[in-house]
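Anchor point for the sequence shown: position 149 equals 149 in this note's numbering, and the numbering is continuous, going up by one each time.
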Amino acid sequence: MNYVQHALIGLTTAGVGFYLGAQVGPDPPGGTTMVVAAGLVVLGSVSPDIDHPQAWISRRLPHKILGKLLPPLLLVVGLAVGLSMAGGHSVESGLRRLWTEIPLVRWALAGIGFALGLMITARLVSKTVKHRGPLHSIVFSLGVTIAAVALAMWAGRDWRFWWWGACFGHGFLIHVLSDGLTRFGVPLWWPFSNKRVRLFGLPLY
Ligand SMILES: [Zn+2]
1 MNYVQHALIG LTTAGVGFYL GAQVGPDPPG GTTMVVAAGL VVLGSVSPDI
51 DHPQAWISRR LPHKILGKLL PPLLLVVGLA VGLSMAGGHS VESGLRRLWT
101 EIPLVRWALA GIGFALGLMI TARLVSKTVK HRGPLHSIVF SLGVTIAAVA
151 LAMWAGRDWR FWWWGACFGH GFLIHVLSDG LTRFGVPLWW PFSNKRVRLF
201 GLPLY
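Here it is in structure tokens:
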């Protein structure tokens, strides 16, 4: 399965979950919050394949982010340095003004950090475990979900952000289960068993 299929399966199942949840519980939040939630579902849905160095999340996505963000950032930094030197100011003060006065610069740096983080993580993970290995298991998915929930509550400084982490965890778990539908199967019960499980034994790849 490719990343588009995984993202679509993650979004569809999350959408059904939200719909059913809204029938019995409170209405789901609207607007921007749902867009962020959908983004987290997609990110979770493509994350387990970080154990493959050539996967979309390990290679194409970080390259795309770097290609889009690095050139404009270098241009802006070059301009800031040039203007401060021309104006007789120190380079450091020019860079500091850039950092404090233009939030886009901070966002761009965060994006570049994220892309580099993905590349480094993919390299380390793919050297440590094999593709469709431990990352494609129930135990790992649950561990990732707990960590994502804790991170969301910490980052949002409010426990009510727990469900953002749950959105990521949902995507991750659904990816593992859908890979389990393929011929190759997944070690679903790792670390208790390394046996590859094929759910329903569907003839998918
Ligand atoms: Zn996978």
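Think of the CB as a built atom: it goes at the ideal place given N, C-alpha and C, for glycine as much as any other residue.
One Cα belongs to G21, the other to P28, and the distance between them is close to 8 Å.
In this structure, the CA atom of V35 is about 42 Å from the CA atom of H89. In the three-state reduction of the DSSP assignment, V76 falls in the helix class. The C-alpha of H6 is placed about 8 Å away from the C-alpha of S178. Looking at the backbone, the Cα of T128 and that of L69 are separated by about 30 Å. At a threshold of 7 Å, R123 does not count as near ligand 1, since its beta carbon sits no closer than that to any of the ligand's heavy atoms. Burial is judged here by how many other beta carbons sit within 10 angstroms of a residue's own beta carbon; L173 has at least 16 and is buried. Of the heavy atoms belonging to ligand 1, at least one sits nearer than 7 Å to the Cβ of R132.
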